[in-house]
Amino acid sequence: MVGDVTGAGPHGSAFSGRVGWGTRPAVLVIDLCRAYTEPGGPFALPDPAPAVEAARALVEAARAGGHPVVWTAVRYAAGLADGGLFVRKVPALAAFAEDAPGDWGRLALTPSPGEPVVVKQYASAFSGTSLASTLHAAGVDTVVVAGVSTSGCVRATAMDALNSGFRPQVVREACADRSAALHENNLADLDAKYADVTGLAEALAHLGRG
């Protein structure tokens, strides 16, 4: 039930309520691309494989259950004119410019025909994009979040999902960051204030209900 409190959590009893699952989930895969998953990438993660495989399982379950799958990718124009202050703050984002070498923005998993790829320039997949309207048009009420990084674009997107009226379910095993501490600390914050952090098995069970 919406608003249920299942435990005090690290932030105390004022937090950690549950938004719960609605009736129409979509899997949202955040920025899961070569820049994070390949050795030598500008944002290379120490052990991305488990998150990639968990994200793959979510995508396959959503497809089998007839649920939408939406992907995000960071892309900039040559010269980074559309990068604003974000590319100044995070210079390595220049790897996602259309004229940058390395093909670092190529997704690690392949979208199926008809699955939207939302192009973004900032951390939140909702910022300046068509994501909210795409989800609303599909009747989605629950966003199952996977991808990278937990402390960055996953966190920002989950927060904005809540702000946009969607129930964010962040799947622990399907997200990753540069250290276990970053991953776990940000999941704790999200679970306390902005999203439900759920396990892969629970998410797969919900997606399997069709």
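For the sequence shown, the numbering used here assigns the number 5 to the initial residue and increments by one for each residue that follows. Note that CB positions come from ideal geometry on N, CA and C, so glycine has one too.
- With contacts defined by Cβ atoms closer than 8 Å, N190 and D181 form a contacting pair.
- Annotated three-state conformation of Y40 is helix, per DSSP.
- Annotated three-state conformation of D195 is helix, per DSSP.
- A66 is the residue among V78, A66, F19, G118 whose C-alpha sits nearest the C-alpha of A209.
- In the three-state scheme derived from DSSP, where H, G and I count as helix and E and B as strand, D51 is classed as coil.
- Distance from V78 to K124 at the Cβ level is roughly 6 Å; contact confirmed, criterion being Cβ atoms closer than 8 Å.
- Per DSSP, L89 is one residue of the alpha helix (DSSP H) stretching across 88-93.
- Under the three-state reduction of DSSP output, G156 falls in the helix class.
- The residue from V158, E206, S131 with its alpha-carbon nearest to that of L194 is V158.
- When the five nearest sequence neighbours on each side are left out, the beta carbons in the same chain lying within less than 7 Å of the beta carbon of A98 are those of L84, V91, A104, in order along the chain.
- R22 sits in coil when the DSSP states are folded into three classes, being neither helix nor strand.
- The shortest CA-to-CA distance from A61 to any of T161, G151, M163 is the one to G151.
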